[in-house]
């Protein structure tokens, strides 16, 4: 009999809480061990988002904050991929949200004071819902690297933040996507919170010339993997049985 | 030997200090992209059950409130049914069950309006005391922290999750304070004295 439960999260693959080279983690990491119990309905269920929440430009960061007739400045790219579970099955209907700095590395946020200018036509947020195969795509400009107050001369690699909802709240995940070939990846204390190079590589999106649109936008492919579930008790879920 | 051919979950990364841009853009001052921030309203008119307000903040190991934390909550409706994916039935159509709230930029305080959740069975059939799942992300938190809020005016003595905790003196960290009728305060302490219990589920 199947129970729809999750595979146990591999916390040696994820970053631990306490990672002192990323300084803010020092006082924001629990000292005591996490307490385990079997997943309950609170983890097995989760919010479902319908396409009715989506606006026409929600997956187009080049235009969703721009004045009519204008567009964001920067390298035009398409980011696409699939949301999968650890069984390799696509996760349909998953809400994927993303946010990023502009082409110069400046975030549109009142607590951000980097001297690179805001782009008046770039907000930096977008969202979409995966299709029947778990696929998603959006248009944006490639974000710039960004200096931050950690050690004296730390720079974040170009990155896009991702927030993903699976079919249950136990799959909730926030992560970051990096770009193939960026030498800053291997100097970043936040990237380095991830214990293994093998795990870091899964967050680096390769350039995807096959999906690049000539004379328009290059493409990067980024697949996201959520926790696997044993054969599910939810009969209305395509990933079940 | 055959291979299992399982994929590995994408490793988590911190949500960073600007999580608001992507998750609550209107709160962050980015208007005109989404009509409203997702999760801002949990109960609509006609929602069943007792309307309640929950307030709190997230505190670091020095006793300073986080001014850039984002909390998400997931809970059943007043009858103990989750509003999506629950095999036991459909939940209250006037209640979302899911909320998302950012701390105030100056004080770190958040507050939200919901309904008191009904009890839900544990996998072995025993009933759990009413509770709300919290998920906390912020700058400096490498992987989202999951906890639960229980109610001070309920009988929590037979709850299977609280019951399995070895250190009973940590149970009070999961129980909200009652401020007045229908108003509860739940502070989440990340580290140190009275550190909140966090779960690996």
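Chains as they are written, first to last, in the working numbering: chain C, 2 to 242; chain E, 407 to 607.
Glycine included, every Cβ here is placed at the ideal spot set by N, Cα and C.
Beta-carbon spacing of residue i, residue j below 8 Å
i: residue 478/E; j: residue 445/E; result: yes
i: residue 426/E; j: residue 110/C; result: yes
i: residue 476/E; j: residue 421/E; result: yes
i: residue 206/C; j: residue 181/C; result: yes
i: residue 169/C; j: residue 47/C; result: yes
i: residue 87/C; j: residue 413/E; result: yes
i: residue 482/E; j: residue 447/E; result: no
i: residue 544/E; j: residue 433/E; result: no
i: residue 203/C; j: residue 418/E; result: no
i: residue 488/E; j: residue 42/C; result: yes
i: residue 118/C; j: residue 107/C; result: yes
i: residue 522/E; j: residue 458/E; result: yes
i: residue 566/E; j: residue 112/C; result: no
i: residue 157/C; j: residue 7/C; result: no
i: residue 28/C; j: residue 468/E; result: yes
i: residue 32/C; j: residue 598/E; result: yes
Reference residue i, options the options, closest by Cα
i: residue 436/E; options: 153/C, 100/C, 148/C; result: 100/C
i: residue 603/E; options: 466/E, 551/E, 463/E, 487/E; result: 551/E
i: residue 456/E; options: 514/E, 520/E, 534/E; result: 520/E
i: residue 209/C; options: 198/C, 216/C, 223/C; result: 223/C
i: residue 153/C; options: 16/C, 7/C, 12/C, 22/C; result: 22/C
i: residue 441/E; options: 431/E, 460/E, 449/E; result: 431/E
i: residue 512/E; options: 496/E, 464/E, 417/E, 563/E; result: 464/E
i: residue 564/E; options: 541/E, 586/E, 535/E; result: 535/E
i: residue 186/C; options: 159/C, 35/C, 8/C; result: 159/C
i: residue 171/C; options: 45/C, 116/C, 199/C; result: 45/C
i: residue 40/C; options: 74/C, 67/C, 11/C, 5/C; result: 5/C
i: residue 147/C; options: 132/C, 139/C, 138/C, 188/C; result: 188/C
i: residue 38/C; options: 10/C, 14/C, 144/C; result: 10/C
i: residue 77/C; options: 230/C, 232/C, 197/C, 215/C; result: 215/C
i: residue 139/C; options: 24/C, 28/C, 213/C; result: 213/C
i: residue 36/C; options: 504/E, 484/E, 569/E; result: 569/E
i: residue 542/E; options: 589/E, 506/E, 561/E; result: 506/E
i: residue 24/C; options: 561/E, 587/E, 607/E, 546/E; result: 546/E
i: residue 75/C; options: 196/C, 69/C, 18/C, 217/C; result: 217/C
Buried/exposed call for residue i, threshold 16 Cβ in 10 Å
i: residue 89/C; result: exposed
i: residue 236/C; result: Interpretation of residue 236/C is limited by its pLDDT of 42, a score under 50 that renders its predicted location unreliable; the figure taken from the coordinates is listed afterwards. Exposed.
i: residue 53/C; result: exposed
i: residue 575/E; result: exposed
i: residue 558/E; result: exposed
i: residue 466/E; result: buried
i: residue 548/E; result: buried
i: residue 103/C; result: buried
i: residue 407/E; result: exposed
i: residue 573/E; result: exposed
i: residue 144/C; result: buried
i: residue 503/E; result: buried
i: residue 411/E; result: exposed
i: residue 561/E; result: exposed
i: residue 16/C; result: buried
i: residue 491/E; result: buried
Contacting residues, own chain, Cβ-Cβ under 6 Å from residue i (five flanking each side not counted)
i: residue 580/E; result: 554, 556, 603
i: residue 62/C; result: 127, 141
i: residue 514/E; result: 463, 471, 472, 473
i: residue 451/E; result: none
i: residue 155/C; result: 149
i: residue 13/C; result: none
i: residue 615/E; result: The displayed coordinates of chain E run from 407 to 607. Any statement about residue 615/E would go beyond what the structure contains.
i: residue 485/E; result: 524
i: residue 454/E; result: 484, 498
i: residue 500/E; result: 450, 452, 453
Same chain only: Cβ atoms within 7 Å of residue i, ignoring 5 sequence neighbours per side
i: residue 65/C; result: 58, 59, 124, 127
i: residue 539/E; result: 479, 480, 481, 552, 554
i: residue 600/E; result: 579
i: residue 528/E; result: 534, 566
i: residue 429/E; result: 476, 506
8 Å Cβ shell around residue i - same chain, five flanking residues per side excluded
i: residue 20/C; result: 26, 30, 190, 193, 194
i: residue 225/C; result: 82, 83, 84, 85, 97, 163, 165, 174, 176
i: residue 510/E; result: 473, 516
i: residue 50/C; result: 94, 96, 130, 166
i: residue 439/E; result: 431
i: residue 571/E; result: 577, 603
i: residue 115/C; result: 106, 107, 108, 147, 148
i: residue 494/E; result: 487
What are the uninterrupted segments assigned as beta strand (DSSP E) that are 3 or more residues long and contained completely in the segment 187-238 of chain C, given in chain order? 219-222, 225-227
Give me the subset of the segment 111-129 of chain C whose CB atoms are less than 7 Å from a CB atom of chain A, sorted by chain position. Reference to chain A is not applicable here, since the protein chains of this structure are C and E.
What runs of the beta strand (DSSP E), each 3 residues or longer, lie entirely inside the segment 478-523 of chain E? 504-508, 516-521
For the segment 532-564 of chain E, list the alpha helix (DSSP H) runs that are entirely contained and at least 4 residues long, ordered along the chain. none
What are the start and end residues of each continuous beta strand (DSSP E) run of 3 or more residues lying completely inside the segment 33-115 of chain C, in chain order? 77-86, 96-100
Contiguous beta strand (DSSP E) assignments of at least 3 residues, all confined to the segment 408-466 of chain E: 457-462
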